[in-house]
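To start, the structure under review is shown below, and the notes come after it.
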Amino acid sequence: MAEERAVQEYGEETLVKEIPPKAADLSKWYTAACWKAELFDYTPVRGSIALRPYGYALWENLQRQLDDRFKATGHMNAYFPLFIPESLLMREADHVEGFAPEVAWVTQGGSEKLTERLAVRPTSEVIIGVMYARWVKSYRDLPVLINCWNNVVRWEKATRPFLRTMEFLWQEGHTAHASHEESAAEVARMLEVYREVAEDVCALPVVTGEKSASERFAGALHTHSIEALMPDGKALQAATSHDLGQNFARAYGIEFVDKDQQTKHAWTTSWGLSWRMLGGLIMMHGDDRGLRLPPVLAPYQVVIVPIPKKGSEEAIAALARQVRERLAKAGVRVRLDDRDEHKPGWKFSEWELRGVPLRLEIGARDVESGRVTAVRRDLGKGEDGAKTELAVAQLELGVHALLDAIQQGLHAQARAFLDAHRFDVSSREEFFDLLRRQVGFVRIPFCDDPACEAEIKSETSATTRNQVPLAQGEALTCVACGGPAQTLAYFARSY
RNA sequence: CGGGGCGUAGCUCAGCUUGGUAGAGCGCGUGCUUUGGGAGCACGAAGUCGCAGGUUCGAAUCCUGUCGCCCCGACCA
Numbered sequence: 414m415a416e417e418r419a420v421q422e423y424g425e426e427t428l429v430k431e432i433p434p435k436a437a438d439l440s441k442w443y444t445a446a447c448w449k450a451e452l453f454d455y456t457p458v459r460g461s462i463a464l465r466p467y468g469y470a471l472w473e474n475l476q477r478q479l480d481d482r483f484k485a486t487g488h489m490n491a492y493f494p495l496f497i498p499e500s501l502l503m504r505e506a507d508h509v510e511g512f513a514p515e516v517a518w519v520t521q522g523g524s525e526k527l528t529e530r531l532a533v534r535p536t537s538e539v540i541i542g543v544m545y546a547r548w549v550k551s552y553r554d555l556p557v558l559i560n561c562w563n564n565v566v567r568w569e570k571a572t573r574p575f576l577r578t579m580e581f582l583w584q585e586g587h588t589a590h591a592s593h594e595e596s597a598a599e600v601a602r603m604l605e606v607y608r609e610v611a612e613d614v615c616a617l618p619v620v621t622g623e624k625s626a627s628e629r630f631a632g633a634l635h636t637h638s639i640e641a642l643m644p645d646g647k648a649l650q651a652a653t654s655h656d657l658g659q660n661f662a663r664a665y666g667i668e669f670v671d672k673d674q675q676t677k678h679a680w681t682t683s684w685g686l687s688w689r690m691l692g693g694l695i696m697m698h699g700d701d702r703g704l705r706l707p708p709v710l711a712p713y714q715v716v717i718v719p720i721p722k723k724g725s726e727e728a729i730a731a732l733a734r735q736v737r738e739r740l741a742k743a744g745v746r747v748r749l750d751d752r753d754e755h756k757p758g759w760k761f762s763e764w765e766l767r768g769v770p771l772r773l774e775i776g777a778r779d780v781e782s783g784r785v786t787a788v789r790r791d792l793g794k795g796e797d798g799a800k801t802e803l804a805v806a807q808l809e810l811g812v813h814a815l816l817d818a819i820q821q822g823l824h825a826q827a828r829a830f831l832d833a834h835r836f837d838v839s840s841r842e843e844f845f846d847l848l849r850r851q852v853g854f855v856r857i858p859f860c861d862d863p864a865c866e867a868e869i870k871s872e873t874s875a876t877t878r879n880q881v882p883l884a885q886g887e888a889l890t891c892v893a894c895g896g897p898a899q900t901l902a903y904f905a906r907s908y
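Going from the first sequence to the working numbering is simple: count from 1 and add 413.
Dropping the structure here:
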């Protein structure tokens, strides 16, 4: 009945029951696809999701990719408290003001009312600032290069799985340095790590740059971001890297004696990436049949579906097991779906829905020919190269080559989309028109004046996503207001 | 936080207008036959009708409140 209804509503091309075509309703497609793929489930807690094993596996893979890179750039992991006493939070004025509307408070412990409220961390600059003040005494203690994997809480009014939840998983890096040169270099270094992970791991092309004053992290000197573009033309901020200057060092007393025997405030940074990134890559890569996961992140890179045939069951099962063992030994995350309760066609649909990049079909024909049938998830049915045959003798080579091709295929598709939806304009009319039509990133020479930015926002709902400085000596005028341009800025509506 | 929509079995929904003690399809369990794109038959299990009040002899149905989810906007690292 649900299928009939879906066909009525969306036409015959509906491929998966209970998921609308992606182009028909991106929002509904997104939540349905994530849910049907069993990445998450709703909970009795408003705005808070349960991350199911398949979703957690995806997060773990992203985590590992990031963590390896953090370690390679000299960072170590640590952990800090969930609760932050109110009096501490109050010390950095801009920071407090920025986060006040979304802080959750603990006012009671057991049966006793607390004398001082505890904030549930919306981010950890405050508590980490306090601790760094204890740990840093000399220039010899610097730099401090620490990352945290934890959860934070922000009292959100409107929530969506992964993209905006009240509680979410992320990492937050916090570093302290002896000079602004060093801390600024750290901010740039980590932004580059995020860019690389987005592009090479998530297959998600992004634009990088600096946030405007109105979009900046509360309490930061500079905020840099990577921004991805979603299929509906809205931007998604996928990660940020903040130059906190000496603001937090001053507020929390991170001081050190430098080589010149002067006592100075440290220069700190923070940088974060959350499970929102998963939402971004799902929304970007998915299609009418469900998720399409990049092989580097997919919990299962390969699923083997045996095609039983009367009389050949044992030979087919034996080959399937052999293929599984060899791929596992070759470092491939592989799942043999030998469940008896579903037919092959059902399994095809289910693993496509869940985004497995490569399916190997093994039936009687394959056993006889010494080959297995390989079907790529990144290409459509019947598309050139979507279905190929791999010689069992060269199994590992063939699978690795296909997984690489799928990773690149997804990236290429997303890149093509971004390139087709990124515009440089020089007339005010065209600028406002494109923004109102929500076509993607629109880039202009920009004055970086908050008043001009506010006008653009009220007219179009679009905001600056990020921007880069104009080249030295380049004299351009702001496309929006005609004033002297300071930057090249990307505008878009955003998630 | 404002506007709109929706909460009935695991899922998608019907039933509500006109109150009389709950249904369908899919899924689930058992058995047999099947298996190269969501199999067939038989039997079976499964629902505090989101929650709390109220009206009534009687509420899934009417009234009030409340919670949650979805969409659009505002707000928002």
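The C-beta atom is built at its ideal place from N, Cα and C for all residues, glycine as well.
Separation of residue j from residue i, as counted between CA atoms
i	j	result
His508	Ala631	5 Å
Ala806	Gly724	24 Å
Ala731	Tyr467	27 Å
Asp837	Leu848	12 Å
Tyr903	Asp613	22 Å
Pro712	Phe844	42 Å
Arg748	Leu773	10 Å
Glu765	Pro757	12 Å
Val458	Ser592	44 Å
Cys860	Glu866	9 Å
Val543	Val533	16 Å
Ser627	Val620	19 Å
Glu809	Gly744	9 Å
Arg567	Glu499	16 Å
Gly895	Ala905	20 Å
Arg547	Thr653	27 Å
Ala419	Pro433	Any reading at Ala419 must be qualified, since the residue scores a pLDDT of 42, below 50, and its modelled position is unreliable; the value itself is stated next. Their backbone Cα atoms lie some 7 Å apart in a straight line.
Ile819	Trp583	27 Å
Thr873	Ile639	22 Å
Ile559	Gln659	17 Å
Lys624	Ala601	13 Å
Ala898	Gln885	12 Å
Arg739	Ile720	19 Å
Ala470	Asn879	31 Å
Asp751	Ser762	15 Å
Trp518	Leu527	11 Å
Paired residues, beta bridge with residue i - DSSP
i	result
Ile667	Partner(s): none; Ile667 has no beta bridge.
Tyr455	Ile462
Tyr903	Arg856, Asn879
Ile639	Thr621, Ala652
Arg748	Val716
Met503	Per DSSP, none; premise fails for Met503.
Thr681	Ala589
Asn490	Asn560
Val519	Leu531
Leu686	Gln584
Gly703	Asp700
Segment limits, alpha helix (DSSP H) that includes residue i
i	result
Gln735	726-742
Ser654	From DSSP, Ser654 is part of no alpha helix (DSSP H) but of the beta strand (DSSP E) over 648-656.
Gln826	808-833
Cys447	439-449
His755	Counting along the chain, His755 falls outside any alpha helix (DSSP H), and DSSP gives it neither H nor E.
Val606	593-609
His508	506-512
His698	689-698
Ala845	One detail in the question is off: residue 845 reads as Phe in this sequence, not Ala. Where Phe845 is concerned, the enclosing alpha helix (DSSP H) stretches over 841-849.
Pro863	863-873
Contact belief for residue i with residue j at Cβ below 8 Å, rounded distance in angstroms
i	j	result
Glu585	Cys561	5 Å
Val892	Pro858	6 Å
Leu901	Leu642	Not quite, the Cβ-Cβ distance comes to about 17 Å (not below 8 Å), so this is no contact.
Asp645	Gln826	Rounded, the Cβ-Cβ distance is 16 Å, inconsistent with contact.
Phe496	Leu531	4 Å
Gln478	Val709	7 Å
Ala616	Leu704	Ala616 to Leu704, Cβ: 13 Å. No contact.
Ala611	Ala651	6 Å
Segment limits, beta strand (DSSP E) that includes residue i
i	result
Pro719	715-719
Arg789	784-789
Thr774	Looking at the sequence itself, residue 774 is Glu, so the reference to Thr does not match. Here the beta strand (DSSP E) through Glu774 covers 771-775.
Ala804	800-804
Thr676	676-678
Ile432	Where Ile432 is concerned, there is no enclosing beta strand (DSSP E), given that its DSSP letter is neither H nor E.
**OP:** Report the residue ranges of all alpha helix (DSSP H) runs contained in full by the stretch 521-595; include only those spanning at least 4 residues, in chain order.
**Re:** 538-548
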